[in-house]
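Data block below; observations after.
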Amino acid sequence: MAELFELRDVKKNYAGNTILNGISLSLFKKHIIAITGDSGAGKTTLLSIMGLLQQPSSGQIFVNGTAVNKLQLSEQARLRGKYFGFVFQRARLIGSLSVLENVLVPAHFAKTEDDVIKRAKFLLEKFDMSNRLNYKPQELSVGQMRRVSLARALLFRPSIILADEPTNDLDPSLAETVAEYFLQIRNDGTSVVIVTHDYVLANRADQVFRLEHGQLSQVTHA
Ligand SMILES: Nc1ncnc2c1ncn2[C@@H]1O[C@H](COP(=O)(O)OP(=O)(O)O)[C@@H](O)[C@H]1O
Ligand SMILES: [Mg+2]
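The sequence shown maps to residues 1 to 222 in the working numbering.
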């Protein structure tokens, strides 16, 4: 089976400090990968390199067989938009926009057709947010904001969801709901990379890795 996504010997230095020291990783279609590691281990850095938001210091990245390193930044941005959906560590919602408008933000870079609005409403309904469409982010709980950011990430049916600690600050039942969403997304054909400290979530992944000293090692399932 061909990889949807691959990192080959990726390294990242910040000001002489090696944060990532030779990361190789393959992601297949419908696969869920969990990455754990201590605070400061480089998990967010790794996720942003995977999502083509940051350049590695060295190493190669392949998205659906395309070598990213050889592409212009504008082509990388196109690839990012085509393949990836992001759930950031903080929800990063826009305060002046309503819940529905926040989910539609990615559509502002494309055309906002009626069916895109329908899809946004469908996702918000799926995440039990239909009765909050016109609320502003500051009127929402942390868990509700996270569900809005999840809907936003899924708007254009990305092949790969990159989620940075998506169940942080959520109570256990809501964390369970988010874990369920990820499993459902997989059934729609999406692959997911989740950075998490939440072992309940990690244990539902196909593979679990630990990031330590700039390297990934696979953790065997309990
Ligand atoms: N833009 C940056 N410039 C310099 N150092 C950074 C930058 N981003 C992250 N770091 C450093 O890289 C290390 C890993 O950070 P991060 O990837 O956020 O870790 P994690 O998400 O695992 O907590 C930290 O020591 C952090 O201070
Ligand atoms: Mg982080």
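Glycine included, every Cβ here is placed at the ideal spot set by N, Cα and C.
What are the boundary residues of the alpha helix (DSSP H) that residue i is part of?
{"i": "LEU211", "result": "Note, LEU211: premise wrong, no alpha helix (DSSP H); beta strand (DSSP E) at 207-212."}
{"i": "LEU25", "result": "Segment 17-27 is the beta strand (DSSP E) holding LEU25; no alpha helix (DSSP H) there."}
{"i": "THR177", "result": "172-187"}
{"i": "VAL68", "result": "Element bounds for VAL68: n/a, residue is neither H nor E."}
{"i": "LEU201", "result": "199-202"}
{"i": "LEU73", "result": "73-83"}
Quick check on DSSP: helix, strand or coil for residue i?
{"i": "GLN138", "result": "helix"}
{"i": "LYS118", "result": "helix"}
{"i": "SER48", "result": "helix"}
{"i": "GLU6", "result": "strand"}
{"i": "ASN168", "result": "coil"}
{"i": "LEU155", "result": "coil"}
{"i": "LYS43", "result": "helix"}
{"i": "GLN144", "result": "helix"}
{"i": "ALA107", "result": "helix"}
{"i": "LYS30", "result": "coil"}
{"i": "LEU133", "result": "coil"}
{"i": "LEU124", "result": "helix"}
{"i": "LEU162", "result": "strand"}
Quick one: what's got a C-beta closer than 8 Å to residue i's C-beta in the same chain, skipping five residues either side?
{"i": "ASN134", "result": "SER98, VAL99 and LEU100"}
{"i": "ALA175", "result": "THR167, ASP198, VAL200 and LEU201"}
{"i": "HIS213", "result": "ASN21"}
For the putative contact between residue i and residue j, defined by C-beta atoms under 8 Å, what is the C-beta separation to the nearest angstrom?
{"i": "VAL93", "j": "SER149", "result": "Residue identity check: residue 93 is Leu in the sequence provided, not Val. The pair is a contact, with the Cβ atoms about 7 Å apart (cut-off 8 Å)."}
{"i": "LEU155", "j": "ALA107", "result": "7 Å"}
{"i": "LYS43", "j": "ILE49", "result": "Contact doesn't hold; Cβ gap of about 11 Å is too wide."}
{"i": "LEU4", "j": "SER159", "result": "6 Å"}
{"i": "LEU216", "j": "ALA41", "result": "Contact flag wrong, Cβ pair sits at about 10 Å."}
Tell me which residues share the same chain as residue i and place their Cβ nearer than 6 Å to its Cβ, disregarding the 5 neighbours each side in the sequence.
{"i": "VAL192", "result": "ILE32, ILE161 and PHE182"}
{"i": "ASN13", "result": "SER57"}
Specify, as a first and last residue, the run of the beta strand (DSSP E) that residue i falls within.
{"i": "SER58", "result": "58-63"}
{"i": "LEU100", "result": "Premise fails: LEU100 lies in the alpha helix (DSSP H), 99-103, not in any beta strand (DSSP E)."}
{"i": "ILE194", "result": "191-195"}
{"i": "GLN218", "result": "215-219"}
With a threshold of 8 Å between beta carbons, is residue i in contact with chain D?
{"i": "GLN54", "result": "In summary, chain D is missing from the structure at hand, where a single protein chain is found."}
Open item on the list: Closer than 8 Å is the cut-off here; do at least three beta carbon pairs connect the region 54-70 with the region 202-216?
Closed with: Judged by Cβ distances under 8 Å, the region 54-70 makes no contact with the region 202-216, as fewer than three pairs qualify.
- [ ] Decide if the region 134-144 is in contact with the region 7-25; the criterion is three or more beta carbon pairs, one per stretch, under 8 Å apart.
- [x] As far as the Cβ criterion goes, the region 134-144 does not touch the region 7-25, which means the pair count is below three.
Task: the region 161-179 contacting the region 62-80, beta-carbon criterion three pairs below 8 Å - done: Segments in contact, no.
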